[in-house]
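Going down the list, the sequences are from chains A and B. Per my numbering, residue 3 is the first one in the first sequence, and the count goes up by one each step. Per my numbering, residue 154 is the first one in the second sequence, and the count goes up by one each step. One structure is given below, encoded as C-alpha cells.
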Amino acid sequence: MELTINSKRVSAEPGMTIYQAAKKANIYIPALCYHEALSSMGSCRLCIVELTKGNRTKIVTSCNYPVEEGIKVVTDSERVLKNRRMIVELLLARCPEVKIIQDLAQELGVKKTRFRIDEYKENCILCGLCVRVCEEVVGVGAISFLGRGKDEKVDTPFHRASDVCIGCGACVTICPTGCIKMEDIDGNRKIDRWQASLPLQRCKICGKPVATRKHLEQIKERFALPPEILELCPDCKRNYYKKQVVAQGHL
Amino acid sequence: MAMISDPQKLEKVRESILKDREKDSGKTQVTVCGGTGCRGAGAEEVVGTFREELGKLDGKAEVKFKETCCHGFCEQGPIVIIDPENIFYKNVTPKDVPEIIKETILGGKVVDKLLYTDPSTKKKVVHEKEIPFYQKQNRLIFGNNRFIDPTSIEDYLALEGYKALVKALTEMTPEEVIEEVRKANLRGRGGGGFSAGVKWESCRKAEGEPKYVICNADEGDPGAYMDRSLLEGNPHSILEGMTIGAYAIGSHEGYIYVRNEYPLAVKNVTIAIQQAEESGFLGDNILGSGFDFNVRVSRGGGAFVCGESSALMTSLEGRVGRPRAKYIHTVEKGLWGKPSNLNNVETWANVVLIIKKGANWYKKIGTEGSKGTKIFSLVGKINNTGLIEVPMGMTLREIIYDIGGGIPNGKKFKAVQTGGPSGGCLPESKLDLPVDFDELTKSGSMMGSGGMIVMDEDTCMVDLARYFLNFLVEESCGKCVPCREGVWRMLQIVTDICEGRGKEEDIELLEDLSDSIRDTALCALGSTAPNPVLTTLKYFRDEYIAHIKDKKCPGGVCTALIEYSIDEEKCTGCGVCLKACPSEAISGEKKELHSIDKKKCIKCGMCRDVCKFDAVIIT
Ligand SMILES: Cc1cc2nc3c(=O)[nH]c(=O)nc-3n(C[C@H](O)[C@H](O)[C@H](O)COP(=O)(O)O)c2cc1C
Ligand code: SF4
Ligand code: SF4
Numbered sequence: 003m004e005l006t007i008n009s010k011r012v013s014a015e016p017g018m019t020i021y022q023a024a025k026k027a028n029i030y031i032p033a034l035c036y037h038e039a040l041s042s043m044g045s046c047r048l049c050i051v052e053l054t055k056g057n058r059t060k061i062v063t064s065c066n067y068p069v070e071e072g073i074k075v076v077t078d079s080e081r082v083l084k085n086r087r088m089i090v091e092l093l094l095a096r097c098p099e100v101k102i103i104q105d106l107a108q109e110l111g112v113k114k115t116r117f118r119i120d121e122y123k124e125n126c127i128l129c130g131l132c133v134r135v136c137e138e139v140v141g142v143g144a145i146s147f148l149g150r151g152k153d154e155k156v157d158t159p160f161h162r163a164s165d166v167c168i169g170c171g172a173c174v175t176i177c178p179t180g181c182i183k184m185e186d187i188d189g190n191r192k193i194d195r196w197q198a199s200l201p202l203q204r205c206k207i208c209g210k211p212v213a214t215r216k217h218l219e220q221i222k223e224r225f226a227l228p229p230e231i232l233e234l235c236p237d238c239k240r241n242y243y244k245k246q247v248v249a250q251g252h253l
Numbered sequence: 154m155a156m157i158s159d160p161q162k163l164e165k166v167r168e169s170i171l172k173d174r175e176k177d178s179g180k181t182q183v184t185v186c187g188g189t190g191c192r193g194a195g196a197e198e199v200v201g202t203f204r205e206e207l208g209k210l211d212g213k214a215e216v217k218f219k220e221t222c223c224h225g226f227c228e229q230g231p232i233v234i235i236d237p238e239n240i241f242y243k244n245v246t247p248k249d250v251p252e253i254i255k256e257t258i259l260g261g262k263v264v265d266k267l268l269y270t271d272p273s274t275k276k277k278v279v280h281e282k283e284i285p286f287y288q289k290q291n292r293l294i295f296g297n298n299r300f301i302d303p304t305s306i307e308d309y310l311a312l313e314g315y316k317a318l319v320k321a322l323t324e325m326t327p328e329e330v331i332e333e334v335r336k337a338n339l340r341g342r343g344g345g346g347f348s349a350g351v352k353w354e355s356c357r358k359a360e361g362e363p364k365y366v367i368c369n370a371d372e373g374d375p376g377a378y379m380d381r382s383l384l385e386g387n388p389h390s391i392l393e394g395m396t397i398g399a400y401a402i403g404s405h406e407g408y409i410y411v412r413n414e415y416p417l418a419v420k421n422v423t424i425a426i427q428q429a430e431e432s433g434f435l436g437d438n439i440l441g442s443g444f445d446f447n448v449r450v451s452r453g454g455g456a457f458v459c460g461e462s463s464a465l466m467t468s469l470e471g472r473v474g475r476p477r478a479k480y481i482h483t484v485e486k487g488l489w490g491k492p493s494n495l496n497n498v499e500t501w502a503n504v505v506l507i508i509k510k511g512a513n514w515y516k517k518i519g520t521e522g523s524k525g526t527k528i529f530s531l532v533g534k535i536n537n538t539g540l541i542e543v544p545m546g547m548t549l550r551e552i553i554y555d556i557g558g559g560i561p562n563g564k565k566f567k568a569v570q571t572g573g574p575s576g577g578c579l580p581e582s583k584l585d586l587p588v589d590f591d592e593l594t595k596s597g598s599m600m601g602s603g604g605m606i607v608m609d610e611d612t613c614m615v616d617l618a619r620y621f622l623n624f625l626v627e628e629s630c631g632k633c634v635p636c637r638e639g640v641w642r643m644l645q646i647v648t649d650i651c652e653g654r655g656k657e658e659d660i661e662l663l664e665d666l667s668d669s670i671r672d673t674a675l676c677a678l679g680s681t682a683p684n685p686v687l688t689t690l691k692y693f694r695d696e697y698i699a700h701i702k703d704k705k706c707p708g709g710v711c712t713a714l715i716e717y718s719i720d721e722e723k724c725t726g727c728g729v730c731l732k733a734c735p736s737e738a739i740s741g742e743k744k745e746l747h748s749i750d751k752k753k754c755i756k757c758g759m760c761r762d763v764c765k766f767d768a769v770i771i772t
C-alpha cells in the first residue's frame, strides 16, 4: 500500500498506523504518550498530522490512524504546528519544570506559556505510559487513571499499596518525565508514588539486590527457568553460565 | 397478553381492543399527566386522590382513568384532561379533585378556576386543543404520550402500535427498509445529525457477528428531558423502532443504555420489554417472520461523556466510559469489537413513523436538509417552559413567542442557547433563523440533542459562557490534553474576565485556544466545548470588552464589576430594602431617600428583588 507523507511516496503494510509508516520512512513526528511496545492511547495529541482524503482535509492523530491507500499526509503544516504549540503551551503551564516539555517547547519555538502557572501540581503529564506498560507488558494492572477532568491522576486504587504491584520498575523506566521515583533501601524496594515497599531478593553469591521477591515469583510462574538463576544478580548469573559452559567443554 | 404468532392475529387483537374502546367511547375519561414536570408539581398525589375519589362513586358514573407520562406543557402541571369533552385543567392539586368530580364529571360543568388563561388574549381556554402552546406544534412523535398509559401495551396497539414492524417484516427486505430510512433522510437526533440510513447500511455491510443495535438514552444535557419523556411515556415505540432497525441491519441483540437517574424510564421500558416478549414482538421468530431479536436494558455510568458513542460502548462492556478514537467506526468495531449501530431515542421513534407512513410522506415535513420534526426542551426565561415538537425549519421567533409565549415579566429577549452545554448563544438578530441542523451549525451553534435555553436582558453573556465552561470542565473525562488542560484554561480566563482581572490579550488567547481545542480534542465533548465562548464572542463581543476595558458588566450580573445604588427619583422611603438587606448596608429614615453603603454591600441583590418601585439600580 502506498501513501504520501510530506510529498514523499511511502509504502506501508495494511494495519500500520501513519506514525509507524512515517517512522519507517525516517519522517519525525513528535509524541509523548506513544510507545511502540504499547497500544495507542491518543491522548497527548502531539502526533497530529493533516490528512487529505479525496477533497477533505482534517486533523488526525497519527499514532492510531490506520494507513489507507492513496491518502496524503502532512506532518508539519502551519495548522499542525500551531496546534502542537498550543498543546505544548498548555503542558508547559502544567509542568514548567519537566525537561521533555521544555525541550519540546524549544523544538517548536514556544518561548513561554501564556497561561498562568499558579496551580503548580506535579510533574506527571498523564501520558498513561506507566498505566499501559503495567497492564499490557507486566500484566498486572496495579495503577490506573483515577478521577476525571482536571483532577485526573494516575494512582493505585484508593491510593493504597497495591496488592498486585510486583515492584518491577517498568513504570519508572518508561515515565518520560521521571516523576516516578524508585529506591532500593534496607532490603526493600520503594516506589513512594504507589506506596509500594517490597522485599528484595539478594544475590546468593555476592549479596547485591536482584529484584523484588514478588517479581521473581512472577518470572518463575511465567517461564520455566532453573530456580537457582533467579537468585543471582546479573553479574553472578553471567559467571555462573560461563562456568557451566566451560565445564561442558565448549570453550 | 397472549402470544401473537402472526400478523393476522395481531390485527384481530387490535380490532377487539378498538371494539372495546368504541363501546366505552361515550364514557368519561380522566387523564392525568404523570410526567417529570407534573410529578415535580405533585401529580402523584393528584393521581392517588382521583383513584380514591373515583372509587367512591359507586356506579353513579362510569369513569375511566389513565395516568400517562409527559405531555410537554410542564409549566402548567399537574395537568388533568377530561374527555370526550377535551377539557383542560392546569395546576391541579389533590384538593381540586373532589370538585372536578362533582362539577365536571357528575355535573357537566367546567371548573373555571382550573382553566388555562391565554396570556396574549387574557381569555380562559376550555379545551386542550385550543391552547396556543399546542396549536403551533406538530406532535408526530411526542403526541401519543397523551393517550398512552406506558404500562399498557393495549394502549400502544390501539394507536397502530407495531404496524410498522409488521410492514417491515412482511412487505420489505432489510435493504428496502434501509433505503426507505435513507430516502426519508432521517438524521440522528442525538446531536451529530448523521444520516441514520447511511449508518445502518455500513453496519449491515460490516463484517463480524453478532451485530448490536443500541439505543442511546443517556441524555446528560442539563435541562433536557425529551428522551426520558419518550422512553417513560411511549416505550413500545422505541422498541418497535429498534426492532425494525435490527431487522434492517441483521442484528439479533439490542441494548438500551439509560441514564441511571431515570428510574421511571428504566421501569417502564423493562415492563414494555416483558410485554413485547410475552406477545411475540420481541424474542424468537417475531410474529412468525423467522426474525429473532432481544433487547436488554443497561443503566448508565452517570457521566455526561458516557453519552458519547465510544464511551457508551465501553461503559456497556462494564469498563469506565472514556472515549476513544473512532478512525475505525463503531459500525465496524463497536461493542465488544463487533459491528454496532447506535442511535438516539428520538431517532428510533422516527423510524416507526417513516416505515408506517413512507419516506415520501415524511420528506414533506421539514427543510431541504433536515426532514421531520424535532423535540426541544424549552426552558429559561420563557413563559411556557416544557417539551415541544415542531417541524424542522420553524423559526426561533415562532418557537419562542408563539409556542413559548415570550419572555416573562415584560423583560426583553437577549439570547437563546441551543444545543446543550456546548451549543451556542444566538442573539435577537438571529430570531428569524429557521431551526434545522445546517442553519444552526452555520450560525455557530448546533442542534445538539435539542436543548433550548432562553435568556432575558438581565443575563451577562460572559457569565453565561463561564457557566457552560464550568459544566464542561466538570464533565471532561480528562483523557486528552486539549480538553483537560485547554477547556479548563478557557474557564480560568473567562472567570478572570468576570471577576475584573481580564486583560486585553485575553480575547485573542481565547480564540487561539478555541481553534486548537476544536482541531485537536479527541471527542466531540472537547471539540465543541469552545462553542459557548466563540458564539458569545461573535455576537456579544462588546460585553467582553466592557468587562475587560471598562471593568463593567452590562448585564448587571458579575458582582465584582457592579455597584448597587438607590434612584433618588423612584425611592419612596418605604424601608423594605433596609429590612431585607442581610448585611445592614442600607440606611434611611421612613418616607425619606434610602442609601446603600458601598463598603458594607455584599452585592447579593436582595434589595433589588424586594423593591416594589424599581428604585434599586445597578451600575
Ligand atoms: C459528550 C457527548 C455526549 C453525548 N450524549 C448523548 C446523549 O446523551 N444521547 C444521545 O443520543 N447522544 C449523545 N451524544 C451523541 C452520540 O455520540 C451519538 O452521536 C448518538 O447517540 C448517535 O445517535 P444518532 O445518530 O441517532 O443521533 C453525545 C456525544 C458527546 C460527544
Ligand atoms: S507517571 Fe509518568 S508515565 Fe505515568 S502518566 Fe505520569 S508522566 Fe506518564
Ligand atoms: S475531548 Fe474531553 S471528554 Fe473527550 S476524550 Fe478528550 S478529555 Fe475526554
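Built from N, CA and C at the ideal position, the CB exists for glycine as well.
- Look at which beta carbons fall closer than 6 Å to any heavy atom of ligand 3; those residues are B/Val-458, B/Pro-476, B/Ser-629, B/Cys-630, B/Gly-631, B/Lys-632, B/Cys-633, B/Cys-636, B/Arg-637, B/Ala-674, B/Leu-675, B/Cys-676, B/Leu-678 and B/Gly-679.
- B/Arg-342 has its CB nearer than 7 Å to a heavy atom of ligand 1.
- If only uninterrupted alpha helix (DSSP H) runs of at least 4 residues are considered, those enclosed by the stretch 325 to 382 of chain B are 327 to 336 and 349 to 358.
- Looking at the DSSP output, B/Cys-578 shares a beta bridge with B/Gln-570.
- Per DSSP, reduced to three states, the secondary structure at B/Arg-299 is helical.
- Secondary-structure assignment with DSSP links B/Val-448 through a beta bridge to B/Gly-407.
- Of all residues in the stretch 629 to 642 of chain B, those with a C-beta nearer than 8 Å to a C-beta of chain A are Ser-629, Cys-630, Gly-631, Lys-632, Cys-633, Val-634, Pro-635, Arg-637, Glu-638, Gly-639, Trp-641 and Arg-642, reading in chain order.
- Two segments are said to touch when three or more pairs of C-beta atoms, one from each, lie closer than 8 Å; by this definition the stretch 53 to 66 of chain A does not touch the stretch 134 to 152 of chain A.
- The alpha carbon of B/Arg-475 has as its nearest neighbour, out of B/Glu-716, B/Phe-566, B/Gly-433 and B/Lys-632, the alpha carbon of B/Lys-632.
- At a cut-off of 8 Å between C-beta atoms, A/Leu-93 counts as an interface residue with respect to chain B.
- In the DSSP assignment, B/Ser-596 falls outside any beta strand (DSSP E) and carries neither an H nor an E.
- Residue ranges of uninterrupted beta strand (DSSP E) with 3 or more members, entirely inside the stretch 176 to 250 of chain A and ordered along the chain, are 185 to 187, 190 to 193, 198 to 204 and 211 to 214.
- Here the alpha carbon of A/Glu-38 sits roughly 20 Å from the alpha carbon of B/Lys-479.
- Contact check between the stretch 367 to 377 of chain B and the stretch 407 to 418 of chain B: three or more CB pairs, one atom from each, fall below 8 Å, which counts as touching.
- The closest CA to that of A/Cys-126, considering only A/Cys-35, A/Lys-244, A/Arg-224 and A/Phe-160, is found on A/Cys-35.
- When DSSP states are grouped into helix, strand and coil, B/Gly-386 belongs to the helix group.
- By alpha-carbon distance to B/Glu-485, the top candidate from B/Leu-318, B/Tyr-365 and B/Glu-283 is B/Tyr-365.
- In the displayed model, B/Ser-493 falls within a strand according to three-state DSSP.
- With fewer than 16 neighbouring CB atoms inside 10 Å of its own CB, B/Trp-514 falls in the exposed class.
- Each residue's CA atom was taken as its position, placing B/Gly-344 and B/Thr-725 some 52 Å apart.
- If the five residues before and after B/Met-759 are omitted, its C-beta is found closer than 8 Å to the C-beta atoms of Cys-730, Ala-733, Cys-734 and Pro-735, all from its own chain and listed in chain order.
- Contact between A/Val-212 and A/Gln-220 does not hold, since their C-beta atoms are separated by about 13 Å, which reaches or exceeds 8 Å.
- Around B/Gln-428, no beta-carbon contact reaches into chain A at under 7 Å, the shortest distance being about 38 Å.
- Listed along chain A, the residues sitting closer than 9 Å to B/Asp-665 by beta-carbon distance are Lys-84, Met-88 and Arg-116.
- Distances from the CB of B/Gly-460 to the heavy atoms of ligand 1 include at least one below 7 Å.
- For B/Gln-645, the chain A residues whose C-beta falls within less than 7 Å of its own C-beta are Arg-118, listed in chain order.
- The beta-bridge partner set that DSSP reports for B/Lys-277 consists of B/Thr-270.
- Partner residues in the beta bridge of A/Leu-53, as assigned by DSSP, are A/Lys-60 and A/Val-75.
- For B/Tyr-480, the nearest beta carbon of chain A is closer than 8 Å to its own beta carbon.
- B/Leu-435 is positioned such that its CB atom lies closer than 8 Å to that of B/Leu-392.
- By the neighbour-count criterion, in which 16 or more other beta carbons inside 10 Å mark a residue as buried, B/His-389 falls on the buried side.
- Chain-order list of chain B residues neighbouring A/Cys-132: empty, with the shortest C-beta distance near 15 Å, by a criterion of under 8 Å.
- Not one heavy atom of ligand 1 sits closer than 7 Å to the Cβ of B/Asp-589.
- Within chain A, the residues placing a beta-carbon under 8 Å from that of B/Glu-627 are Gly-151, ordered along the chain.
- Counting C-beta pairs with one atom in each stretch, the stretch 540 to 547 of chain B and the stretch 561 to 575 of chain B have fewer than three that are closer than 8 Å, which means they do not touch.
- Cβ atoms of B/Ser-629 and A/Arg-150 come within 8 Å of each other, at about 7 Å.
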